[in-house]
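The structure appears below as structure tokens.
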Amino acid sequence: MVLGRSVYPLMRILYFSYADLDTPSACQTHTLGVIRGMAANGCQVDAVAPRPLFHQNEIPGVRFHYINPYCGKRRYLLREIPYSALRLMALCLHNRYDAIYARDMDVFIGTRLCSQLFRLPLYLEIDDTPIEGNYPAVIRGMVKANLRLDYRAAAGLIVPSVPRCQFIRDHYGTPVEKLHMILNGTELLTNDVVSKASARESLRLPLDSFCLGYVGTLSQRYDF
């Protein structure tokens, strides 16, 4: 240790997420939370993401490299797929990284190409498996083929649930050694959080009621 700091070099991570960083959402919270957690635990992160229109993110230990602002319409993906791939490749050419970490977003190819070209381990955080149902049938086949290539190239898949682990094993033939089930984290509660009794009263629920909240998508019934 030197002046309270480790003599070992920081782990250098190239991070990619095609998430809207302007609109409060689970995607925004999770993207910023993951890179904030990486930086807080001694990593140097270069994060590639859509440019926010309303505010710039500043996180110690994180350097943002923005692509075009998030549009939310699929026709813009024809532009963003090659542009994000070139942005990632340029960073790999000018910097040394220990690993690539990305939110798996169906159609993007840049992280896989960089992993193969620069021989970097790729870790994918699985977000959209099964494939979203609003893709046309022809495109769904292409997306599934792209995911299969991603899963094959990845050194590890970060998966948030047991059913999703099983789906990936059954439908993509991914070996269980690659699957790492890690539940999504959460922010620490602040002091101004209302009590359970106050929440029940404001929602007009019985004070002795048992309440269970869930945010997500139900793709199948799973019995623990």
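In my numbering, each number is its position in the sequence shown, counted from 1, plus 1339. All residues carry an ideal CB built from backbone N, CA and C; glycine is no exception. What you are looking at is a predicted structure, and each value in this text was computed from that prediction instead of being measured.
| query | result |
| --- | --- |
| For the alpha helix (DSSP H) containing H1369, list its first residue and its last residue. | A1365 to A1379 |
| Have a look at V1401, P1389, H1394 and L1353 and flag the residue whose alpha-carbon is nearest the alpha-carbon of R1375. | V1401 |
| Could you check which residue in C1453, R1539 and N1396 has the C-alpha nearest to that of A1441? | C1453 |
| In chain order, which continuous runs of the alpha helix (DSSP H) of length 4 or greater are located wholly inside the region 1462–1547? | 1476–1492, 1501–1511 and 1535–1541 |
| List the DSSP bridge partners of H1404. | V1387 |
| Taking C-alpha atoms, which residue in C1504, A1536 and L1349 lies nearest to E1464? | C1504 |
| Have a look at P1514 and R1491 and give me their C-alpha separation to the nearest angstrom. | 9 Å |
| At what residues does the alpha helix (DSSP H) containing A1429 begin and finish? | L1416 to H1433 |
| Are the beta-carbon atoms of Y1462 and A1484 separated by less than 8 Å? | no |
| Evaluate G1449 with the Cβ neighbour count: other Cβ atoms within 10 Å of its Cβ, from every protein chain shown; 16 or more gives buried, anything less gives exposed. | buried |
| Going straight from the alpha carbon of K1517 to that of L1488, what length do you get? | 14 Å |
| Where does K1412 sit, in a helix, a strand or coil, going by DSSP? | coil |
| State the Cα-Cα distance for the pair L1425 and M1350, rounded to the nearest angstrom. | 23 Å |
| Name the residue from S1548, R1543 and L1522 whose alpha carbon lies nearest to the alpha carbon of H1369. | L1522 |
| Could you tell me whether the Cβ atoms of A1438 and P1460 are closer together than 8 Å? | yes |
| Distance check for F1403 and N1434, CA to CA, integer angstroms please. | 14 Å |
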